[in-house]
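Student:
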Amino acid sequence: MSTVIVKYNAGNIQSVLYALERIGQQALVTDDPEQIRKAGKVIFPGVGEASTAMEYLKERKLDELLKSLRQPVLGICLGMQLMCSYSEENDTECLGIFEEKVKKFTGEGLKVPQIGWNNIYDLKTPLFEGVKQNSFCYFVHGYYADFGKHTIAATSYGLPYSSGLYRDNFYGVQFHPEKSAAVGERILKNFLENI
Amino acid sequence: MTKRIIPCLDIKDGRTVKGVNFENIRDAGDPVELGALYAQQGADELVFLDITATNEKRKTLKELVNRIAHHINIPFTVGGGISSVEDVSLLLQNGADKISVNTSAYRRPELISELAKEFGSQCVVLAIDTKKEEDGKWYVYLNGGRVKTDTLCTDWARQAVDRGAGEILLTSMNNDGTKKGFALDITRALAESLPVPVIASGGGGTMGHFVDVLGEGRADAALAASIFHFKEITIPELKGYLQDQHIAVRL
């Protein structure tokens, strides 16, 4: 089954492709709606700013397309945040796949963005099969998704928040599996092979 | 949140090299092989600096970055001779996660703002080479430590962060290559006053030095080169030691 990586105006897309290649998987990087619609799996990555990214997706009607997908979709970092209902980053309405909201880190003495390795815990769904509680993943983000009924992984940085979300066929992770060493490779493999 | 251990690979003509006090350069192996080994051993990130770039106005080879990106499963930063949005775009497209700027950003601080706007602060690392002079103050140096400025390190770091630098990579020229420990005072001054992570570099020679800079020096990450390249300290033993000393690390 083919895997598509959604191409849009956000960074780090190439890194996801390379990570898949390292675990022996092929993928197509594209913004062609037809290719995305017929893909077996869709990865929606991204590093960047929420409102600019949403504008870009809307202009190309990729917002409606993403919401309508029925195959497994994995949002990464900004991709996951855009799948939430709303982001405080420039007051942005997002895709609303997950009801959770995205807020800015504001803890006393907290360095923002969070850059580095942090734990993931309370892991649920086959996405985390074989991944130990409190495994370390690599995070780079200034905004976080609230806890909610779709939370499938938690992380603490000043406060606990959702580092994984899930609803129906949609998965999202806040960290970068493509940069999270063996743990990240396992999660990507789980998404491509077990879901 | 854990403290990061970052091996630095200085690159010259496609090979890893290491000098002492910015001089006497020695060969230390193939950067991709070495980088992959460090990643496998538990390095948290890698930094690749093309040390010949600034002086010779040569661009970091995108092919090397591409090769690194295909082989390494942890984040990496690329620096050396980067002076425009186009340079950065090319490196990011080839798989770099972050880029570091030094002399070019000092000469034209708008570069930092442009990069932060275009790619986000998270991928903009400001590298500062600094030296403590006889007056007891830390000054910014340029061109790989060859050109002195009258700017204080703390002033330049603050300005760069205000413009959008997402991390500071601080190298003390007094300490670099000496293996006598990191510069704790300037590291702590920056780490406590800036809202972004500070990576301490220069002088790490024993595992105790890392405890000092990540603890007392308040650094968010520590970078070293030769002690790793010449296997004087391995990453697993260093991280095990840090954990024993109650410094949170990824194991």
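Chains as they are written, first to last, in the working numbering: chain A, 1 to 195; chain B, 1001 to 1251. Built from N, CA and C at the ideal position, the CB exists for glycine as well. Computed from a predicted structure; not experimentally measured.
If we cut at 8 Å on Cβ distances, does A/LEU74 have a partner in chain B?
Tutor: It does not: the Cβ of A/LEU74 has no partner Cβ on chain B nearer than 8 Å.
Student: List, in chain order, every chain B residue whose beta-carbon is nearer than 7 Å to that of A/GLN114.
Tutor: Ordered by position in chain B, the residues that pass the 7 Å Cβ test against A/GLN114 are MET1001.
Student: For a test of the three-state rule: what should DSSP assign to A/LEU78, helix, strand or coil?
Tutor: It is helical.
Student: Beta carbons nearer than 9 Å to chain A: which residues of the region 1158 to 1182 of chain B have them?
Tutor: Those residues of the region 1158 to 1182 of chain B that come within reach of chain A (Cβ to Cβ, closer than 9 Å) are GLY1166 and GLU1167.
Student: To which residues of the same chain is B/LYS1057 closer than 6 Å at the C-beta, ignoring the five residues directly before and after it?
Tutor: With a pLDDT of 43 at B/LYS1057, under the threshold of 50, the modelled position of that residue is not reliable, and the figure given next carries that caveat. Once the five neighbours on either side are set aside, B/LYS1057 has no close Cβ partner at all.
Student: Counting only the same chain and skipping the five closest in sequence on each side, list residues whose C-beta sits under 8 Å from that of A/LYS61.
Tutor: The answer, listed in chain order, is PRO33.
Student: With distances taken from CA atoms, which of B/PRO1075, B/GLU1086 and B/ALA1039 is nearest B/LYS1062?
Tutor: Minimum Cα distance to B/LYS1062 is reached at B/GLU1086.
Student: From which residue to which residue does the alpha helix (DSSP H) around A/ILE13 run?
Tutor: Segment 13 to 22, the alpha helix (DSSP H) holding A/ILE13.
Student: I'd like to confirm something about B/HIS1071: is its beta-carbon nearer than 7 Å to some heavy atom of the ligand MN, or not?
Tutor: Although the ligand MN was asked about, the structure shown includes no ligands whatsoever.
Student: Would you be able to state if there are at least three C-beta pairs under 8 Å between the region 96 to 116 of chain A and the region 136 to 144 of chain A?
Tutor: Contact between the region 136 to 144 of chain A and the region 96 to 116 of chain A is present, because at least three Cβ pairs lie under 8 Å.
Student: Determine, using beta carbons only, whether A/ALA50 and A/CYS77 come nearer to each other than 8 Å.
Tutor: Not closer than 8 Å, so no.
Student: Using the Cα positions of A/GLU99 and A/GLU59, report the straight-line distance between them to the nearest angstrom.
Tutor: Rounded to the nearest angstrom, the two C-alpha atoms are 23 Å apart.
Student: Select from B/ARG1188, B/GLY1240 and B/ASN1073 the residue whose C-alpha is nearest the C-alpha of A/HIS176.
Tutor: Minimum Cα distance to A/HIS176 is reached at B/ASN1073.
Student: In this structure, does DSSP put B/LYS1057 in helix, strand or coil?
Tutor: Residue placement at B/LYS1057 is flagged as unreliable, the pLDDT there being 43, under the threshold of 50; the coordinate-derived value follows with that caveat. Coil at B/LYS1057, not helix or strand.
Student: How big is the Cα-Cα spacing for B/ALA1116 and A/ALA10?
Tutor: Cα-Cα distance, rounded: 13 Å.
Student: Indicate the three-state DSSP secondary structure (helix, strand or coil) for B/ASP1244 in the structure shown.
Tutor: Note: B/ASP1244 maps to helix in three-state DSSP.
Student: Counting only the same chain and skipping the five closest in sequence on each side, list residues whose C-beta sits under 8 Å from that of B/GLY1240.
Tutor: Correct list, in chain order: LEU1251.
Student: Closer than 7 Å between beta carbons: that is the criterion. Which residues of the region 139 to 166 of chain A meet it against chain B?
Tutor: From the region 139 to 166 of chain A, only VAL140 and TYR157 have a Cβ closer than 7 Å to chain B.
Student: State buried or exposed for A/ALA153, treating a residue as buried only when at least 16 other CB atoms are found within 10 Å of its CB.
Tutor: Buried: at least 16 other Cβ atoms inside 10 Å.
Student: Could you name the residues of chain B that A/ALA27 contacts, counting a contact when the two beta carbons are closer than 8 Å?
Tutor: Near A/ALA27 there are no residues of chain B at all, since even the closest Cβ is about 14 Å away, more than 8 Å.
Student: I believe B/GLN1093 touches A/GLN14 by the beta-carbon criterion, under 8 Å. Please report the beta-carbon distance rounded to the nearest angstrom.
Tutor: 6 Å between Cβ atoms; contact.
Student: Between the region 162 to 182 of chain A and the region 64 to 75 of chain A, do three or more beta carbon pairs fall short of 8 Å?
Tutor: With the cut-off at 8 Å, the region 162 to 182 of chain A and the region 64 to 75 of chain A touch.
Student: Taking contact to mean 3 or more Cβ pairs, one atom from each stretch, closer than 8 Å, check whether the region 14 to 29 of chain A and the region 1095 to 1107 of chain B are in contact.
Tutor: The region 14 to 29 of chain A vs the region 1095 to 1107 of chain B: in contact.
Student: Are the C-beta of A/GLN81 and some C-beta of chain B separated by less than 8 Å?
Tutor: So, not an interface residue.
Student: Which whole-angstrom value is the C-beta distance of A/LEU82 and A/ILE43, which I expect to be below 8 Å?
Tutor: In fact, because the Cβ distance is near 13 Å, the residues do not count as touching under 8 Å.
Student: Whole angstroms is fine: what's the gap from B/ILE1082's alpha carbon to A/ASN194's?
Tutor: If you take the alpha carbons of B/ILE1082 and A/ASN194, they lie about 42 Å apart.
Student: Do B/GLU1192 and B/ARG1218 have their C-beta atoms within less than 8 Å of each other?
Tutor: Cβ atoms of B/GLU1192 and B/ARG1218: closer than 8 Å.
Student: Would you kindly report the start and end of the unbroken beta strand (DSSP E) that includes A/ASN118?
Tutor: Segment 114 to 120, the beta strand (DSSP E) holding A/ASN118.
Student: From the beta carbon of B/THR1095, is the nearest beta carbon of chain A less than 8 Å away?
Tutor: One point to set straight first is that residue 1095 of chain B is Gly, not Thr, in the sequence displayed. Cβ-Cβ to chain A under 8 Å: yes for B/GLY1095.
Student: Please name the residues in the region 2 to 25 of chain A whose beta-carbon is closer than 8 Å to at least one beta-carbon of chain B, in chain order.
Tutor: Residues passing the 8 Å Cβ filter: GLY11, ASN12, GLN14, SER15, TYR18, ALA19, GLU21 and ARG22.
Student: Going by DSSP, what residues sit across from B/GLY1029 in a beta bridge?
Tutor: Paired residues: B/THR1016.
Student: Can you tell me whether DSSP reads B/VAL1196 as helix, strand or coil?
Tutor: In this structure, B/VAL1196 counts as coil in the three-state DSSP scheme.
Student: Determine the closest residue to B/PHE1182 out of B/LEU1190, B/PRO1197, B/SER1201 and B/GLY1166, with distance taken between C-alpha atoms.
Tutor: That would be B/SER1201, whose Cα lies nearest to the Cα of B/PHE1182.
Student: Taking the straight line between their C-alpha atoms, what separation do you get for B/GLY1164 and B/VAL1088?
Tutor: The alpha-carbon atoms of B/GLY1164 and B/VAL1088 are separated by roughly 15 Å.
Student: Check the Cβ of B/ARG1004 against every Cβ in chain A and list those closer than 8 Å, keeping chain order.
Tutor: Near B/ARG1004 (Cβ distances below 8 Å), the residues of chain A are GLY116 and TRP117.
Student: First and last residue of the alpha helix (DSSP H) that includes A/LYS38?
Tutor: From DSSP, the alpha helix (DSSP H) with A/LYS38 extends over 33 to 38.
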